[in-house]
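With my numbering applied, the sequence shown has no gaps in its numbers, which climb one by one up to 1111 at the end. Glycine residues also receive a C-beta, built at the ideal position from the N, C-alpha and C atoms.
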Amino acid sequence: MARPDASVSLSALARLGFVELTAASAALSELAELTGLERAELIDGLGAADPDAAVAGILRIARRDPSRVRTVLQDPGARSALWRVLGVSGGIADFFARRPEQLDAGLVQREELPTAQELVETLLAAVDAQDGFARAARPEGGLRIAYRRALAGIVAADTASADPTAAIADVSAALADAAGAALEAAVAVARATVTDAGIPRAEVAATRLAIIGMGKAGARELNYLSDVDVIFVAGTGDERIVSEARAIDVATRLARETMRVLSGIDAEPPLWEVDAALRPEGKQGALVRSLASHEAYYDRWAKSWEFQALLKARPLAGDAQLGAEYIAAVQPRVWTSAERSDFVDSVQRMRERVTDNIPADDVPYQLKLGPGGLRDIEFTVQLLQLVHGVSDPSLHTRGTLESLEALAEGGYIGRVEGAAFAEQYRVLRLLEHRLQLHELTRTHLMPRDDDGMRRLARATGLADSGPALRQLWENLRRDVREQHVRLFYRPLLAAVASLPAEERALTTGQAADRLAAIGFRDPAGALRHIAALTAGLSRKASIQRYLMPVMLRWFADGTDPDYGLIAFRRISERLGDTHWFLGMLRDSSGAAERLTRVLSSSRYVGELMEWIPESVAWLDSASDLTLRSGAALDEEARAIQTRHATIGPAMKAVRALRRRELLRTAMGAVLDHVGVHEMARAISEISEATIQAALRAVRREVVPPEDDALDFSIIAMGRFGGAELGFGSDADVLFVYEPNGVEPQRAQQLAASIVAGLREHLTDHRLPLDLDADLRPEGRNGPIVRTLEAYTQYYRRWSLSWEAQALLRARGIAGSVKLIGRFMELADGIRFPEQVSLQDVREIKRIKARVEGERLPQGVDPRRHLKLGPGTLSDVEWMVQVLQLQHGHRVPDLRTTSTLQALDAAVLADLLPAAAAERLREAWVLCSRLRSAMTLLTGQTRDVLPVDHRELDGVGRLLGYPDRGAMLLEEDYLRVTRRARRVFETHFYG
122 MARPDASVSL SALARLGFVE LTAASAALSE LAELTGLERA ELIDGLGAAD
172 PDAAVAGILR IARRDPSRVR TVLQDPGARS ALWRVLGVSG GIADFFARRP
222 EQLDAGLVQR EELPTAQELV ETLLAAVDAQ DGFARAARPE GGLRIAYRRA
272 LAGIVAADTA SADPTAAIAD VSAALADAAG AALEAAVAVA RATVTDAGIP
322 RAEVAATRLA IIGMGKAGAR ELNYLSDVDV IFVAGTGDER IVSEARAIDV
372 ATRLARETMR VLSGIDAEPP LWEVDAALRP EGKQGALVRS LASHEAYYDR
422 WAKSWEFQAL LKARPLAGDA QLGAEYIAAV QPRVWTSAER SDFVDSVQRM
472 RERVTDNIPA DDVPYQLKLG PGGLRDIEFT VQLLQLVHGV SDPSLHTRGT
522 LESLEALAEG GYIGRVEGAA FAEQYRVLRL LEHRLQLHEL TRTHLMPRDD
572 DGMRRLARAT GLADSGPALR QLWENLRRDV REQHVRLFYR PLLAAVASLP
622 AEERALTTGQ AADRLAAIGF RDPAGALRHI AALTAGLSRK ASIQRYLMPV
672 MLRWFADGTD PDYGLIAFRR ISERLGDTHW FLGMLRDSSG AAERLTRVLS
722 SSRYVGELME WIPESVAWLD SASDLTLRSG AALDEEARAI QTRHATIGPA
772 MKAVRALRRR ELLRTAMGAV LDHVGVHEMA RAISEISEAT IQAALRAVRR
822 EVVPPEDDAL DFSIIAMGRF GGAELGFGSD ADVLFVYEPN GVEPQRAQQL
872 AASIVAGLRE HLTDHRLPLD LDADLRPEGR NGPIVRTLEA YTQYYRRWSL
922 SWEAQALLRA RGIAGSVKLI GRFMELADGI RFPEQVSLQD VREIKRIKAR
972 VEGERLPQGV DPRRHLKLGP GTLSDVEWMV QVLQLQHGHR VPDLRTTSTL
1022 QALDAAVLAD LLPAAAAERL REAWVLCSRL RSAMTLLTGQ TRDVLPVDHR
1072 ELDGVGRLLG YPDRGAMLLE EDYLRVTRRA RRVFETHFYG
């Protein structure tokens, strides 16, 4: 190898952009030796995005054919073009290294993109096609080589462009035309192959096969390396030669062979995959169908998304007339798909596909699917087309750029915004093209390393350095997201409010269509609310006009955008021109987004916020959503009572405290700041503080000083006793008193008056708190309040097993501490006996079986009842409580009112296998979360899992399931409860 020429120093190579200077110098020396050219001549006119890769590529080719490389490098224009092309694409260098005979000066200097006709003629010639049949001896290799040579010509013209961003549309169209030409030539090869396999040539010739391009191939906006989405349509050209059914069979052979020609194993690597997954019934459906079969499917079975997939369909190869007939048949169905009942549901699927299945680490680098990427633009444009194309044929376009132009021309988007979106799309496509060209690989990930960003910056010409390109990319992503809002949502205001003259307004009907497409069920009503919020010249109206477009997008992302919008209007009207509210909306996008999220996800929250509008301020700071402790709540309640001399105002303030703290808890739950266990504890403590305050106030009002010796206490029972309350739960209680010298009848009257006063002053029509005493001795037939002695006599002489079971959750929460302690001593003797008789256990099991059969509401699917259904709350709690009754006396850890703590204790005491306990725990937690989520969503207390998938989806989203996760939630629920039921039956009845 020749010694490096000192006339080309390492510093000179560095100035030319080389990074690996020693290796580059050695490569230039070897190249000079192979070609007989001076090193200085080799780099004369060098301008390459990646000079290191370019010199390595040229050297590989030269080692195969030095004389051909010498010929190209001797021509100054060809030399400069070769450096440029191979500096952008190592994949093209690989092709020339495999096929050095394909390299010539004219090819790398090409400046004009090939026409569709030129590409078809070139690739058909490569397989020596005549009358639609290939005659070449090895046509697959010839076709692939000719395609890659054509691709090299496209790369040469692309990289020679003075403005590669502006050239994107033409380059993408040429790539789609090249794919169509390759398919045309592949069909010719397939015809020859199936004829050689024994099918009569006349039958093959009479079989009509049209290949319909879908997606980017159909829209003539293909990438350098991408799957080519197609649909195959077939028929007979002459029934006398081949019947329709036989033609479909032959066409299926032709389609499979066409796909193999392009993507099968051969000496020359495959081109790309031909993907027919968008056909009717997807991969499960027939590969080839007749036109009539397609029409029948689309009329009877197709989903809306399948029509949306046809938005870009066009004849790509094969029988052109049949392809045109197919397009004519399906296009009317595409543009009426927005009127179908499942259109909004389908739109949500489109939205999901924007970011679905992206690994979290890839999101910041995703050029195609990430936020602010290509799919954001394509989704916006396609949705606008589908919404407004129903009545406007000018929008029946395929390509993204031509569709943007048509939307602007029709006034559906502003011209300035449309032009900006188009430019952003071109820049993203240029980045995509240069990324894929580097190694001719299918990628949509921006480089993570500095070298990769530097190379991409030089290849695109968009920035001077890697860091500058990274900043451009970040700005571009942000701008695309903002532009989406301006394009889709801001024109909605034009239908109801004054906007600048250059921004044409949508008609009211068009605006309503657009709102319906994103999930508003009452678009006309939504428009009225938008008008009310944004009308006028006030500061408030100006801020609302500024915010409304992006807030509409956030509302649309929620479960119930209609309710979210009307609740927002009511809150805005309640707060009026409050300076902090308007300032928060204007300056805190996070708070505004959280506000739309809670309002469109939860009627429970929305209804409370309408009464407590100042709670909006909590959304501006996570600390304001922090749950308050029971001690803090008790302290505030006591302070309230010291400020009010009479019971009415005092209890009104206490009820307001309860509403406020329940709202704080609910907002935290919707925003995922509060888990299920924290939520249950918080709701229980709020209820306790409220009841304690009410008891203090009522006692002060009812019991005169001379009877102050009377002791009165409240015992929490059920889920309240276990501190496991959910939103909408009743508060199960027992009332107990002790006269302590007060005349017995007088004491009874005072105790009854206390109970009556509690119920009166705890009544809250907006947020009920029902004190349910049905678990008292003798149930609803027994006295509402008893002395401790009366409880003692009853439990020791007449109580049933279920009453001992109910006492397992007993916990004193208010009133005399001394009396509570004595009641707990009594309860412990009943609920934790030294021994439980076999008869008592059998009785508990009998009652459980009867409850399952009798207490379920008529017409309800038992599997969906969260409280009484198989494997749900009742099963878990009865299982745990039987273990507590049987073993609580000797296992102290079982003496707890908490279901989950008792379950853990049972495992530690070897009373239940850990795996079985885990299945019970999973079911109990899921059912508890579902009950609260259903209340949050609807504002109503329910115990039956919704059947309506829209409502179930809303419940699922509150539980962290993905959008449209209703089916997944239902499957999880049924699986979890089914497993829990098996455990219950084994260990309870077994």
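Shown here, I812 sits in a helix according to DSSP, grouped into three states. Within the same chain, Cβ atoms closer than 7 Å to the Cβ of A580 are found at A170, V209, R555, the five residues on either side in sequence being excluded.
The continuous stretches of beta strand (DSSP E) do not include I448, which lies in the alpha helix (DSSP H) extending over residues 441 to 456. Here the alpha carbons of R591 and D585 stand approximately 11 Å from one another.
Here DSSP, grouped into helix, strand and coil, assigns F254 to strand.
In the DSSP assignment, D279 falls within the unbroken alpha helix (DSSP H) covering 260 to 281.
Look at D996 here: in three-state DSSP terms it is helix. In the three-state scheme derived from DSSP, where H, G and I count as helix and E and B as strand, S834 is classed as strand. Beta-bridge partners assigned by DSSP to L566: Q487. Residues of the same chain with a CB within less than 6 Å of the CB of A1054, apart from the 5 flanking positions on each side, are V1076, L1079, L1080 in chain order. Here G493 is not near Q487, since their CB atoms are 7 Å or more apart. For the pair L929 and F953, the Cα-to-Cα distance works out to about 8 Å.
Beta-bridge annotation (DSSP): E859 is paired with D832. DSSP links D571 through a beta bridge to no other residue. DSSP places D853 in the strand class (E or B) of the three-state scheme.
Per DSSP, reduced to three states, the secondary structure at S411 is strand. Between the beta-carbon of A309 and that of V248 there is about 6 Å, and that keeps the pair under the 8 Å contact cut. In the three-state DSSP reduction, R496 falls in the helix class (H, G or I). Looking at the backbone, the Cα of E460 and that of S663 are separated by about 35 Å. Look at H986 here: in three-state DSSP terms it is strand. Measuring C-alpha to C-alpha distances from V190 to each of A338, G212, A161, V229 identifies V229 as the nearest.
Residue nearest to R932 within the set L855, P991, K966, I965 is L855 (criterion: CA-CA distance). Counting of Cβ neighbours within 10 angstroms places T1018 among the buried residues, the total reaching 16 or more. Annotation for V206: the continuous alpha helix (DSSP H) segment containing it runs 197 to 209. Comparing C-alpha distances from G847 to each of R887, E822, P825, L783 shows the shortest one belongs to L783. Taking every protein chain shown into account, the CB of L1029 has fewer than 16 other CB atoms within 10 angstroms, so this residue is exposed. In this structure, A327 and G358 form a Cβ contact; the two beta carbons are roughly 5 Å apart against a cut-off of 8 Å.
Sixteen is the threshold: when 16 or more other Cβ atoms of the shown chains lie within 10 Å of the Cβ of L549, as they do, the residue is buried.
One alpha carbon belongs to A237, the other to T680, and they sit about 48 Å apart.
F353 sits in a strand when the DSSP states are folded into three classes. A distance below 7 Å separates the beta carbons of F217 and I182.
It is roughly 18 Å from the alpha-carbon of G253 to the alpha-carbon of A299. When the alpha-carbon of L654 is set against those of D996, D698, R435, A290, the nearest one is in D698.
With a contact defined as Cβ atoms closer than 8 Å, G168 and W204 qualify at about 6 Å. The C-beta separation of S293 from R231 comes to about 17 Å, leaving the pair out of contact by the 8 Å criterion. In this structure the region 782 to 802 does not touch the region 898 to 918; the number of beta carbon pairs closer than 8 Å is below three.
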